[in-house]
Amino acid sequence: KAGVTQTPRYLIKTRGQQVTLSCSPISGHRSVSWYQQTPGQGLQFLFEYFSETQRNKGNFPGRFSGRQFSNSRSEMNVSTLELGDSALYLCASSLGNTGELFFGEGSRLTVL
Amino acid sequence: AQKITQTQPGMFVQEKEAVTLDCTYDTSDPSYGLFWYKQPSSGEMIFLIYQGSYDQQNATEGRYSLNFQKARKSANLVISASQLGDSAMYFCAMREGWGSGGGADGLTFGKGTHLIIQP
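In order, the protein sequence lines correspond to chains D and H. Residue numbering for the first sequence follows the working numbering, starting at 106 and increasing by one per position. Residue numbering for the second sequence follows the working numbering, starting at 40 and increasing by one per position.
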């Protein structure tokens, strides 16, 4: 059974640009959530989607957005990139709100 | 106040010894789930074990067990017979509203413990 797949694995952007990250969940999983990991702030919840609906959003500015498609694949977008957005972005999928989360390997974003 | 506290930033342990990683949590929600994840240097978060707040018995998964002390709000991870491959960051996490139809706020993670197993 394939795990959670995130693309791209690594990317470098400059300040002011935007970026889109993609996540394909485990087959059959309808919930996808996103987390940001930085050395200073640790792991922080970004948002969670279930059946194409955003269920909740963490404490991040509006520059961070996401969506989920009918096949449960999800994308997150960060606009007007700042240096502080450099981080490992982790996607996780689960069966629903009572299932453990299974994480992908992450997308490592560097903003110059 | 921090919801998840891991007081051990780093630990060195001899191979084959048992390891206890500490985790305390803070919540007023009677329904919650507690999780432990392992993060090797590759970055992927690997699910290890979970405990629901209403579970009567401590969770076990192979060499991993969770020492759940609800009154003390403690959920320590115990790794028996440690191996070199256990070297990684370990994160304790909580999801409030677990199993009650809620839980839509995502996981709250602790700062992690860097475990190094020495031969």
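Idealized CB from N, CA, C, for every residue including glycine.
**Report entry** Cut-off 7 Å between Cβ atoms - residues of its own chain near residue 187 of chain D, not counting five sequence neighbours on either side
**Finding:** Along the first sequence, read from residue 1 onward, the residue named residue 187 of chain D stands at position 82. Answer for residue 187 of chain D: 120 and 216, listed in chain order.
Query raised in the report: With DSSP run on the structure shown, which of helix, strand or coil describes residue 140 of chain H?
Result: Taking the second sequence and counting its residues from 1, the one referred to as residue 140 of chain H is at position 101. Its pLDDT being 49, under 50, residue 140 of chain H is placed unreliably by the model, and nothing is read from it.
Query raised in the report: At a Cβ cut of 7 Å, what residues of the stretch 162-175 of chain D count as close to chain H, listed as they run along the chain?
Result: 163
Query raised in the report: Closer than 7 Å, Cβ to any Cβ of chain D: which residues of the stretch 67-85 of chain H, in chain order?
Result: Here the close residues are 74, 81, 82, 83 and 84.
Query raised in the report: Taking the C-alpha atoms as reference points, what is the distance between residue 140 of chain H and residue 168 of chain D?
Result: For the purposes of this step, residue 140 of chain H is taken as residue 101 along the second sequence, with counting starting at 1. For the purposes of this step, residue 168 of chain D is taken as residue 63 along the first sequence, with counting starting at 1. Low confidence applies to residue 140 of chain H: its pLDDT is 49, below 50, so where it sits in the model is not reliable, and the reading given next is rough at best. Residue 140 of chain H and residue 168 of chain D: Cα-Cα distance of roughly 29 Å.
Requested in this report: Starting from the Cα of residue 151 of chain D, find the closest Cα among D:114, D:109, D:205 and D:180 and give me that residue.
Outcome: As a working note, residue 151 of chain D is residue 46 in the first sequence. Among D:114, D:109, D:205 and D:180, the Cα nearest to that of residue 151 of chain D is on D:180.
Query raised in the report: When DSSP builds the beta bridges, which residues end up paired with residue 112 of chain D?
Result: Taking the first sequence and counting its residues from 1, the one referred to as residue 112 of chain D is at position 7. Answer is D:127, bridged to residue 112 of chain D.
Query raised in the report: Quick one: does residue 157 of chain D have its CB under 7 Å from some CB of chain H?
Result: Locating residue 157 of chain D in the first sequence gives position 52, where the first residue counts as 1. Output row for residue 157 of chain D: interface = no.
Report task. Could you check if residue 125 of chain H is buried or exposed, using at least 16 other CB atoms within 10 Å of its CB as the buried criterion? Result -> The residue given as residue 125 of chain H occupies position 86 in the second sequence. Buried, since its Cβ has 16 or more Cβ neighbours within 10 Å.
Requested in this report: Pick out whichever of H:55, H:64, H:48 and H:148 has its Cα sitting closest to the Cα of residue 110 of chain H.
Outcome: On the second sequence, residue 110 of chain H is found 71 positions in, with the first residue counted as 1. Shortest Cα-Cα distance from residue 110 of chain H to any of H:55, H:64, H:48 and H:148 involves H:64.
Report task. Ignore the nearest five residues each way along the sequence and tell me which others in residue 145 of chain H's own chain have a CB closer than 6 Å to its CB. Result -> Stepping through the second sequence from its first residue, residue 145 of chain H is reached at position 106. Closer than 6 Å at Cβ, skipping near neighbours: no residue.
Report task. Quick one: which residues of the stretch 192-215 of chain D get their C-beta closer than 8 Å to a C-beta of chain H? List them in chain order. Result -> Against chain H - using a Cβ distance shorter than 8 Å - the residues of the stretch 192-215 of chain D are 193, 195, 197, 202, 203, 205, 206, 207, 208, 209, 210, 211 and 213.
Query - Close beta carbons around residue 210 of chain D, own chain, < 7 Å, minus the five adjacent residues each side - result: For this step, residue 210 of chain D is matched to residue 105 along the first sequence. Cβ neighbours of residue 210 of chain D beyond the five flanking positions: 111 and 114.
**Report entry** Close Cβ partners of residue 77 of chain H (< 7 Å) along its chain, the five nearest in sequence each way excluded
**Finding:** Translated into the one-based positions of the second sequence, residue 77 of chain H becomes position 38. Only 85, 87, 127 and 129 meet the Cβ criterion.
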